[in-house]
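S.K.: Take a look at this one; I'll ask things after.
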Amino acid sequence: MPYHTFKCSECIPERAMHAVIKGPGEDLTSCLPLGYLNTIPGTISERGCAFCGAKHVIGAPMKDVIHLCHGPVGCTYDTWHTKRYISDNDNFQLKYAWATDMKEKHVVFGAEKLLKQNIIDCFKAFPNIKRMSIYQTCASALIGDDINAIAKKVMDEMPDVDIFVCNAPGFGGPSQSGGHHKINIAWVDQKVGTFEPEITSKYVINYVGDYNIQGDVEIMVDYFRRMGIQVLSTFTGNGSYDDLRGMHLAHLNVLECARSSEYICNELRKRYGIPRLDIDGFGFEPLSASLMKVAMFFGLEKEAQSIINEETARWKPELDWYAKRLKGKRICLWPGGSKLWHWAHVIEEEMGVKVVSVYSKFGHQGDFEKGVARCSEGALAIDDPNELEGLEAMEMLKPDIILTGVRPGEVSKKMRIPYLNIHAYHNGPYKGFEGWVRLARDLYNAIYSPIHQLSGVDISKDEMPTDKGFLTRRMISDVNIIEDETTPSSERPYTGECDIVSKLRGKTYPGSPIQLGSQQQLQLDSQQQLDGTV
Amino acid sequence: MDDIMKDRIEQLVDYIMKWCLWQFHSRAWDREKQNEGILTKTMQLLCEEPVDLETPADRCYWVDAVFLAKGFKNTYPWLATMDKKEIKLLMQGLKDRIDYLTIKGSLNKELTNPLY
Amino acid sequence: MSCELKQRERGGIINPIFTCQPCGAQYASIGIKDCIAIVHGGQGCVMFVRMLFAQHFKDSFEIASSSVHEDGAVFGALKRVEEAVDVLLMRYPHVKVVPIITTCSTEIIGDDIDGLIRKLKQGLLKEKYAGREIYLIPIHAPSFKGSMVSGYDAAVHDLVSAFAKKDKPNGKLNLITGWVNPGDVTALKHLLSEMDVDATVLFEIESFDSPLMPDKSGVSHGSTTVEDLIGTADALGTIALNKYEGRKAAEFLERKFNVPAIIGPTPIGIRNTDTFLQNVKKMTGKPIPESLVRERGIAIDALTDLTHMFFADKRVAIYGNPDLVIGLAEFCLDLEMKPVILLLGDDNQAYQNDPRIKAFQEKVDFDMRVIMNADLWELENRIKNKEVELDLILGHSKGRWTAIDNNIPMVRVGFPTFDRAGLYRHPVVGYAGAIWLAEQMANTLFTDMEYKKDREWLLNVW
């Protein structure tokens, strides 16, 4: 039986089916943890709330919007200065947070008047912003304020503004994922189809499920634009409200994080016939395949191949340099929802590391199907992990590094296991060819840190050399590396700059012909593609 | 079905599981369409038969099928030793197995939820 | 020339100065040894607060959630608390103190945690955990009242009142520090130890700054014990340094156990530290030693080199916890600076009657404004429309964009200070704190002068 019971959770037998160890001969029909169930109270789970999933993850990256939380101040404060979703709009969405500041009297008498006045005040304070998203919180949900009605009233009174309402209070679901779901459905119900952005290319996609952490979206959009594709909207990293109202006009939805936004892709397929293409933007092979698949859909293979060749030639020698030194290192992939499966296989293939555990804080069984499918035998997969289980897993597996969030990373730090922040990243972005090398570089720097070496020395007991003034990372990492004539001369550590995103802004791209009629043009091209591509 | 065929199917399953995402949409009926769409086209490509590219959905299945066919050919040299009849049998077996792993035998309780 | 009191007139908040009550209650709870609080509400109420603490301290703290989901919100969620208590106690055998902190959602749905705790004491604790020392403490902290400041104040009161029990006088001084950093506690304990005063410090948070040990045993948690809390009733006196973060507890001890209380002042700066030491002397009868005269002298020596040369007439904005803001403003005045705007981040009506603020109104001889129920938009707006011109901002890290985008140098103080390294290790109180603050302000101004090429040659010869 693949199920794994932690010693610290023997007293809560319900946990028994939430962790599996992938054994030989196991497949998904026998080896899959339960997922996305109500949290067991008091476990010190890693999970957050549905409001977080809705506002913080998906809503707030939209860069030209006032994000107003209808409730007491805490929900707003807590979702401000806690993520790195940057934008090319001078990071407007990082700098400001708005709350209606519900107080006790509002709980008793209702807060609809407060909300209406707030909406007007906010638009007045930011006269250049004409779009707003209002987020329900636990408090405003429980007192039954009709936010949608108020929003509609204001839109009637102020015809140049548009307001989106997201009703995803914190208690609405077992985890953040409940919020992702609600905001996806709310956006497609309320806003998709209400605006038609300008179409500037024959080839139009939405890029969905990427939140532009440290510039991830901008890296990917750059590739698409270099091929002549119009990225009509990005859901929602560096995303614009009005562009996202036009999602229905795209030919294809390119989906990165299925966990947070497969819902809207499914609905767009159902309602508008737009196909959903799931991609992996991480790793040279998967990224190359993903770019090529998108290109093939439009007949742009040559353009994609040229990008893939150029990027691979530039960055592969650097990836290989790190892979040589990361070989065999044991890592725990402990993210929130989708990176466990984006990375489980390719990080082993391309960086030589061994994934000894995957977990998901808020994911569903679908995420574990993907994760367990991709991870190696022996890996421990945990659903809804909690603090004691994480500690026990680290003791058991003795990883060399944990890929997780800030706070669990501080826990692992005390266990003398370095961590890499894969929610907000250390020195990202990590998307793209160069980004993948940056990830490898950060892993290398963390694992081979001379300070990390020193942390294991007990000066009251241990013998220490007294003739060493310092160690370098290479002195530590290259102990068993032989560099000889067989070593490719191009292999080298990372030579990119610190900031690789700013230079993409204001870049010009090859012009692409304006589309004639999207579906007809597509069929015309299809006929021409019938042979010669395999 | 003989053991060699079964073993080969498992190898192809392993490839799909390691590299592909198209088989893991969130509902059973979508998985049926995905598996049918992509594996049929993959089979057609491997057998050098014409592939229907009429609708956007077809094109979307096709791009994944192209990569799958290419990946199979590059990774499994025994594929080149098989004739069209054998390949069709192989791919039918593969589809049955993928359908079983991702739909009929799946432990994912959300597959039958009627809403997205 | 006067000090004006104003209220935020807008109904909503743009860029909050504070978060809500449960955060304050949780901050009090982590100061106690063998204590893990259960926050009764949505998971975000705990996850975000643990994240905030981790940002500030670069370490993780243990707090649990009752994980209220949809069914709980509809039908009541007391069962979730019951289960949380049981699960927590089973899996953490060393835990003794379990504060149960309510949030807006569970206050609105009306969950009676006091009643539940009574039930658990008679039921679960007797049946399953007989013989184990366990204390369940209800703390009501809905987010639609007050702020993290009042949540902290309420929690300190609830924790002290739950434990304090009269036995024999212990000759100790209760020191209720208010919302401070580990560095502050170190400085305060140093002052008390120089005066040979035995104190119960609430809360002992020096251990928040925990080491990375070769045997992996380092962990961040507070060190105040149950015995410490019980013994507060036997003290010879209580000094609550921050009126808005601990006064309630001090007054409780005075009312119930005749433990005399002195409230304030926050010992920021030379003058307030002098006052603090006088109060300690008054309460304990211990003299102020020569060593502290020397320490004070070192501080005054350091400040003298800075005040009339660099600090005089510098216009400062200060925001954050109220006692911190007031204490910093008083110190700035002593340093010849001009705190032209103070922002107090919640709607506590007591601020306008605070004698320290009245003193600003009466004595200050330049334009000063105190904004109550403020948010950071109140500051940013006034900068943008030039109502205030600033040379320096003193505040926490969530105001960083105001400083960055308006090119105003900022010294991070208060909570949270995550965008600078190690600030929690340093004091702002006591003579050590006066030196640290003054030198931080000076060096920040110096760096700014160099960036802006503003008489950067001045520092060639200083």
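Here the protein sequences come in this chain order: A, B and C. Residue numbers for the first sequence follow my numbering, beginning at 1 and rising by one. Residue numbers for the second sequence follow my numbering, beginning at 1 and rising by one. Residue numbers for the third sequence follow my numbering, beginning at 1 and rising by one. We put the beta carbon where it would ideally sit given N, CA and C, even for glycine.
Spatial neighbours of Pro513/A within its chain, please: CB distance less than 8 Å, with the 5 preceding and 5 following residues excluded, ordered by chain position.
M.R.: Because the pLDDT at Pro513/A is just 47, under 50, the model does not fix this residue reliably, and the value given afterwards should be weighed accordingly. Closer than 8 Å at the Cβ level, and outside the excluded window around Pro513/A, lie Ser201, Lys202.
S.K.: Given a cut-off of 8 Å on the beta-carbon distance, is the pair Trp321/A and Pro493/A in contact?
M.R.: yes
S.K.: Please list, in chain order, all residues of the same chain as Val437/A whose beta carbon is under 6 Å from its beta carbon, the five residues on each side excluded.
M.R.: Trp315, Glu318, Leu319, Tyr494
S.K.: Are the C-beta of Ser105/C and some C-beta of chain A separated by less than 8 Å?
M.R.: For Ser105/C, a Cβ of chain A is located within less than 8 Å of the residue's own Cβ.
S.K.: Just to confirm my understanding: we take Ala162/C, look at its own chain, exclude 5 residues before and 5 after, and list those with CB closer than 6 Å. What are they?
M.R.: Ile137
S.K.: Step through the CB atoms of chain C and report whether any lies within less than 8 Å of the CB of Leu317/A.
M.R.: Inspection of the sequence shows that residue 317/A is occupied by Pro rather than by Leu. Not one chain C Cβ lies under 8 Å of Pro317/A.
S.K.: Using 8 Å as the limit for Cβ to Cβ distance, is Leu12/B near chain A?
M.R.: no
S.K.: Quick one: grab the DSSP three-state call for Glu26/A.
M.R.: coil
S.K.: Using a Cβ cut-off of 8 Å (strictly closer), state whether Pro56/B contacts chain A.
M.R.: yes
S.K.: Within this structure, are the beta carbons of Leu173/C and Leu188/C separated by less than 8 Å?
M.R.: no
S.K.: For Pro429/A, count neighbouring Cβ atoms within 10 angstroms of its own Cβ and tell me buried if that reaches 16, exposed if not.
M.R.: By the 10 Å Cβ count, Pro429/A comes out buried.
S.K.: 8 Å is my cut-off, CB to CB: does Arg59/B come that close to chain A?
M.R.: yes
S.K.: Check whether the Cβ of Tyr263/A lies closer than 8 Å to any Cβ atom in chain B.
M.R.: yes
S.K.: Check each candidate in Asp3/B, Asp58/B, Lys18/B, Gly37/B and name the one with the smallest Cα separation from Phe298/A.
M.R.: Asp58/B
S.K.: Starting from the C-beta of Val13/B, find all residues in its chain whose C-beta is less than 6 Å away, skip the five residues before and the five after it, and write them out in chain order.
M.R.: Arg97
S.K.: Output needed for Ile331/A: all residues of its chain with C-beta closer than 8 Å, excluding positions within five of it in sequence on either side, in chain order.
M.R.: Ile347, Val353, Lys354, Val355, Val356, Pro399, Asp400, Ile401, Ile402, Leu403, Leu443
S.K.: What do you get for Leu458/C, buried or exposed, if any count of 16 or more other CB atoms within 10 angstroms of its CB means buried?
M.R.: exposed
S.K.: Go ahead and label Ile318/C buried or exposed: buried means 16 or more other beta carbons lie within 10 angstroms of its beta carbon, across all protein chains shown.
M.R.: buried
S.K.: Please identify, using Cβ separations under 9 Å, the residues of the stretch 41-54 of chain C that lie next to chain A, in order along the chain.
M.R.: Look at the stretch 41-54 of chain C: the residues with a C-beta under 9 Å from a C-beta of chain A are Gly41, Gly42, Gln43, Gly44, Cys45, Val46, Met47, Phe48, Val49, Arg50, Met51, Leu52, Phe53, Ala54.
S.K.: Looking at the secondary structure, which residues open and close the beta strand (DSSP E) in which Asp383/A lies?
M.R.: 380-383
S.K.: At 9 Å on the CB atoms, spell out the chain B contacts of Asn266/A, in chain order.
M.R.: His25, Ser26, Arg27, Asp30, Tyr116
S.K.: If you count every other CB in all the chains shown that lies within 10 Å of the CB of Thr112/B, and 16 or more means buried, which is it?
M.R.: exposed
S.K.: What is the residue span of the beta strand (DSSP E) that Leu175/C lies within?
M.R.: 173-176
S.K.: By DSSP, does Phe418/C sit in helix, in strand, or in coil?
M.R.: coil
S.K.: Apart from the five residues on each side of it in sequence, which residues of its chain come closer than 7 Å, Cβ to Cβ, to Ser455/A?
M.R.: Arg416
S.K.: Is there a Cβ from chain A that is less than 8 Å from the Cβ of Ile38/B?
M.R.: no
S.K.: Since Lys22/A and Cys31/A should fall inside the 8 Å C-beta cutoff, what is the C-beta to C-beta distance between them, to a whole number of angstroms?
M.R.: With a Cβ gap of about 6 Å, Lys22/A and Cys31/A count as contacting.
S.K.: Inspect the CB distances between the stretch 184-203 of chain A and the stretch 240-249 of chain A and report whether three or more fall short of 8 Å.
M.R.: Verdict: yes, contact present.
S.K.: Within the same chain, show all residues whose beta-carbon is closer than 6 Å to that of Ser223/C, passing over the 5 residues directly before and after it, in chain order.
M.R.: Lys33, Glu204, Ser207
S.K.: Taking only the alpha-carbon atoms, compute the straight-line gap between Val204/A and Ala313/A and give it to the nearest angstrom.
M.R.: 28 Å
S.K.: Under a three-way DSSP split, which group does Gly151/C fall into?
M.R.: helix
S.K.: Take Lys248/C and list the residues in its own chain whose beta-carbon comes closer than 8 Å to its own, dropping the five residues that flank it on each side.
M.R.: Asp153, Ala154, Val156, His157
S.K.: If you draw a straight line from the alpha carbon of Leu202/C to that of Pro260/C, how long is it in whole angstroms?
M.R.: 16 Å
S.K.: Can you confirm whether Lys18/B, when its beta carbon is compared against all beta carbons of chain A, has any partner nearer than 8 Å?
M.R.: yes
S.K.: Only counting runs of 4 or more residues, tell me where the alpha helix (DSSP H) segments fall wholly within the stretch 395-443 of chain A, in order along the chain.
M.R.: 406-414
S.K.: Whose C-beta lies closer than 6 Å to the C-beta of Arg269/A among residues of the same chain, with five residues either side of it excluded?
M.R.: The answer, listed in chain order, is Arg276.
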